[in-house]
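Student: Residue numbers (the working numbering): 3 to 205.
Note that CB positions come from ideal geometry on N, CA and C, so glycine has one too.
What you are looking at is a predicted structure, and each value in this text was computed from that prediction instead of being measured.
Below is the structure I would like to discuss, written out as structure tokens.
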Amino acid sequence: MRWPWILMAAVCVLLVLVAHYMFQVWLYMAPCEQCVYIRFGFLVMAIGGLLCAINPKNLILKVLGYVFAFAGAIYGLKCSVKLAAIHHAIHSDDPTAMFGMQGCSTAPHYPFDLPLAQWAPDWFKPTGDCGYDLAVVPDGVQLSSLQQWFIDMYNSSDSWYLIPKWKFLSMAQCCELAFGFMFLVLVIMAVCFVWKRFIRKAA
């Protein structure tokens, strides 16, 4: 079946587009180091989905697709967990919460030394600080009423939350859930694939 792979790729690409165009460009929320790594993870998963969607019956493409999808999910989940820990420490009332916590860098290091920050700096170069999701509007920028409403809503909660009023689910936690859910679905699909392709045939 192609549709699960196409759906996974579409969702991953959509999340990256929303992060870039809505939050970074429109709402002036600068991405941090872990944010751009998370984008990379989603796009690697999307590549895996597209590889499998080309021809789901082709074993080589299927295996390559699973490799990319699992690699992207694991990488993205790892970065999301790290970002969630930094976010929690920064917004904690405990003054020692940041002790031993490694901060973010403005010089990202992608797998295989891919120079993504040079190839597409708007998308993959970190310009913000980890754990701070506030909108920073440049001087002289005229905001629309809708932009101002969104910015005030997020900034009033001192960070980005799925439901800002209740400070429910930070951006990092939402990414954890997204990667975790997709990883679980991938495991189920991989088990079914191995069962149908190899075990059942051999029985």
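(1) Can you tell me whether residue 68 is helix, strand or coil according to DSSP?
(2) Quick one, which of 148, 75 and 113 has its alpha-carbon nearest residue 181's?
(3) On the premise that residue 195 lies in contact with residue 64, defined as a C-beta separation below 8 Å, what is that separation, rounded to the nearest angstrom?
(4) Look at the Cβ atom of residue 41, then the Cβ atom of residue 21, and state whether they are nearer than 8 Å.
(5) Which of the three DSSP states, helix, strand or coil, is assigned to residue 19?
(6) With which residues is residue 158 paired in a DSSP beta bridge?
(7) Are residue 164 and residue 153 closer than 8 Å when you measure CB to CB?
(8) In terms of residue numbering, what span does the beta strand (DSSP E) encompassing residue 171 cover?
(9) Assuming the contact rule is C-beta atoms closer than 8 Å, residue 69 and residue 48 should be a hit. Round their C-beta distance to whole Å, please.
(10) Check this for me: beta carbons of residue 110 and residue 119, under 8 Å apart or not?
(11) In the DSSP output, which residue or residues are listed as bridge partners for residue 163?
(12) If we count the other Cβ atoms within 10 Å of its Cβ and call it buried at 16 or more, is residue 150 buried or exposed?
(13) By DSSP, does residue 84 sit in helix, in strand, or in coil?
(14) Just how far apart, CA to CA, sit residue 38 and residue 128?
(15) Taking the alpha carbon of residue 6 as the reference point, which residue from 132, 35, 67 and 159 has its own alpha carbon closest?
(16) Residue 189 to residue 183, Cα distance in whole Å?
(17) Assuming the contact rule is C-beta atoms closer than 8 Å, residue 130 and residue 77 should be a hit. Round their C-beta distance to whole Å, please.
(18) Specify the secondary structure class of residue 36 as computed by DSSP and reduced to three states.
(19) To which residues of the same chain is residue 54 closer than 6 Å at the C-beta, ignoring the five residues directly before and after it?
(20) Give the DSSP-derived three-state secondary structure of residue 59 in the structure shown.
Tutor: Quick look at the numbers:
(1) helix
(2) 75
(3) 7 Å
(4) yes
(5) helix
(6) In the DSSP output, where bridge partners are listed per residue, residue 158 has none listed.
(7) no
(8) 170-172
(9) Not quite, the Cβ-Cβ distance comes to about 14 Å (not below 8 Å), so this is no contact.
(10) yes
(11) 172
(12) exposed
(13) helix
(14) 6 Å
(15) 67
(16) 10 Å
(17) Actually they are not in contact, since the Cβ atoms of residue 130 and residue 77 sit about 20 Å apart, beyond 8 Å.
(18) helix
(19) 7, 64 and 67
(20) coil
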